[in-house]
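Everything below concerns the one structure shown next.
Numbering (the numbering used here), first residue to last: 651 to 1033.
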């Protein structure tokens, strides 16, 4: 008996499902091995996800689709909220993107209570013409001091005195999310104004490494985790014409040079049964991962697209590689009775404060595309 690994024989012409992944052997029987410490049962997933359920609605957007920003009055939509703090600063900051009908720019706003936000200004604007980020920059994959799920989201200042973030980017203008997307590396001296750190894209459909079919048409938003001397970049990418988005992983030792993981995508779309086009809540998209450490395991918040539009989903891992999802969403589009998120509920930012969770998300519905808020306990202003 191997106490460290589970060995399974998969006969020729058969397949096996383990932790939500299908392993097939078409030519000959194969012995597959899995580290026992990475195995997670569906019962554990159900138990672990419980504390992230039961949300209370905030009636309106906390950042409107068209916030009044001096010198940027043409903003039509806001998206991709990410809350953070700076060392020694009691304020909360939130970066988000504003779409002006032509492209994306990232803005930052501030708050003392996570409810009332103001002093919006530009954090990072368009790149120069002809560059990979000329059509837009989407900050949000920040390097934090701690990735504990209930820790303060304080940015980590590196030895060179800078803060760092990966970011999503677009070379083209004129439409929303123009293919193909890119990823870049940004830095900041104060955590508020950011600039491109590296002149070339760090990840795209053109490399580095082998670009597989699942990610051949576009690369989207990254999420950065630092663990045991390695940087992890969780990103979603798509293949067309089916428009299937799935989550992949790249790793780095220096933030500049990245290696795609051999087993990508690490979180695939949910399995469809009996040829159904829509079967579960993430059969078309598994996108926009936000990964934190939760006790003795890792937790991933992501959004799925399938049944019922976009929904906020959850998955768990012991090693950041093998993930097991809960098929039941934490929150589904349309739960807010006001219709605020009637179409989409996705792209979250999670904060623990005053013994409650604050989950900021992109809410798309009757009032347009803006930044919404749900909390694990009702707020006095919502009662």
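Backbone N, C-alpha and C define an ideal beta-carbon position, used for all residues, glycine too.
Cα-Cα separation between residue i and residue j, rounded to whole angstroms
| i | j | result |
| --- | --- | --- |
| residue 1098 | residue 763 | The structure shown has nothing for residue 1098, since the chain only spans 651 to 1033. |
| residue 891 | residue 816 | 28 Å |
| residue 824 | residue 755 | 13 Å |
| residue 725 | residue 813 | 27 Å |
| residue 822 | residue 942 | 32 Å |
| residue 1017 | residue 1023 | 14 Å |
| residue 914 | residue 863 | 11 Å |
| residue 741 | residue 847 | 26 Å |
| residue 761 | residue 893 | 37 Å |
| residue 907 | residue 861 | 15 Å |
| residue 870 | residue 989 | 27 Å |
| residue 830 | residue 797 | 30 Å |
| residue 984 | residue 1015 | 8 Å |
| residue 1004 | residue 889 | 42 Å |
| residue 895 | residue 993 | 18 Å |
| residue 768 | residue 722 | 15 Å |
| residue 912 | residue 958 | 32 Å |
| residue 1055 | residue 886 | A question about residue 1055 goes unanswered here, because the residues of the chain that appear run from 651 up to 1033. |
| residue 944 | residue 930 | 26 Å |
Nearest residue (CA-CA) to residue i, options the options
| i | options | result |
| --- | --- | --- |
| residue 780 | 771, 998, 851 | 851 |
| residue 1122 | 947, 821, 1028, 793 | With the chain covering only 651 through 1033, there is no way to say anything about residue 1122. |
| residue 770 | 955, 752, 748 | 748 |
| residue 932 | 855, 982, 943 | 982 |
| residue 839 | 940, 785, 737, 778 | 737 |
| residue 937 | 730, 696, 690 | 730 |
| residue 807 | 795, 801, 799 | 795 |
| residue 995 | 979, 907, 689 | 979 |
| residue 752 | 956, 828, 877, 901 | 828 |
| residue 750 | 739, 765, 719 | 719 |
| residue 704 | 1030, 1015, 1008 | 1008 |
| residue 921 | 956, 1025, 885 | 956 |
| residue 1002 | 701, 695, 693, 661 | 701 |
| residue 963 | 696, 1029, 689 | 696 |
| residue 785 | 801, 768, 802, 826 | 826 |
| residue 775 | 1030, 881, 789 | 789 |
| residue 999 | 945, 717, 802 | 802 |
| residue 709 | 987, 930, 809 | 987 |
| residue 1029 | 661, 766, 739, 691 | 766 |
Sequence-distant residues of its chain with Cβ nearer than 6 Å to residue i (five each side left out)
| i | result |
| --- | --- |
| residue 819 | 782, 783, 787, 832, 834 |
| residue 758 | 743, 745, 773, 842 |
| residue 791 | 815, 816, 872, 873, 874 |
| residue 837 | 812, 814, 847 |
| residue 976 | 695, 699, 964 |
| residue 1025 | 706, 1006, 1008 |
Own chain partners of residue i with C-beta closer than 7 Å, once the 5 adjacent residues on each side are dropped
| i | result |
| --- | --- |
| residue 927 | Any reading at residue 927 must be qualified, since the residue scores a pLDDT of 49, below 50, and its modelled position is unreliable; the value itself is stated next. If we look at residue 927 and ignore the five residues flanking it on each side, it has no Cβ neighbours. |
| residue 916 | 897, 898, 899, 971, 973 |
| residue 1020 | 711, 713, 714, 715, 728, 1013 |
| residue 1027 | 706, 1006 |
| residue 905 | 814, 835, 881 |
| residue 717 | 725, 728, 770 |
Beta-carbon spacing of residue i, residue j below 8 Å
| i | j | result |
| --- | --- | --- |
| residue 960 | residue 952 | no |
| residue 940 | residue 967 | no |
| residue 1010 | residue 799 | no |
| residue 902 | residue 883 | yes |
| residue 693 | residue 804 | no |
| residue 857 | residue 909 | no |
| residue 919 | residue 934 | yes |
| residue 699 | residue 969 | no |
Contacts around residue i, its chain only, beta-carbon distance under 8 Å, and the 5 residues preceding and following it disregarded
| i | result |
| --- | --- |
| residue 778 | 784 |
| residue 879 | 903 |
| residue 991 | 983, 984, 985, 1011, 1013, 1014, 1015, 1022 |
Minimum Cβ-Cβ distance from residue i to chain D less than 8 Å
| i | result |
| --- | --- |
| residue 855 | Of the chains in the structure shown, none is chain D; there is only one protein chain. |
**Report entry** Contiguous beta strand (DSSP E) assignments of at least 3 residues, all confined to the stretch 730-758
**Finding:** 742-749
Requested in this report: Jot down the residue ranges of each uninterrupted alpha helix (DSSP H) in the stretch 776-818, minimum 4 residues, whole runs only, in chain order.
Outcome: none
Report task. Within the stretch 919-953, note down every full beta strand (DSSP E) run reaching 3 residues or more, in order along the chain. Result -> 935-944
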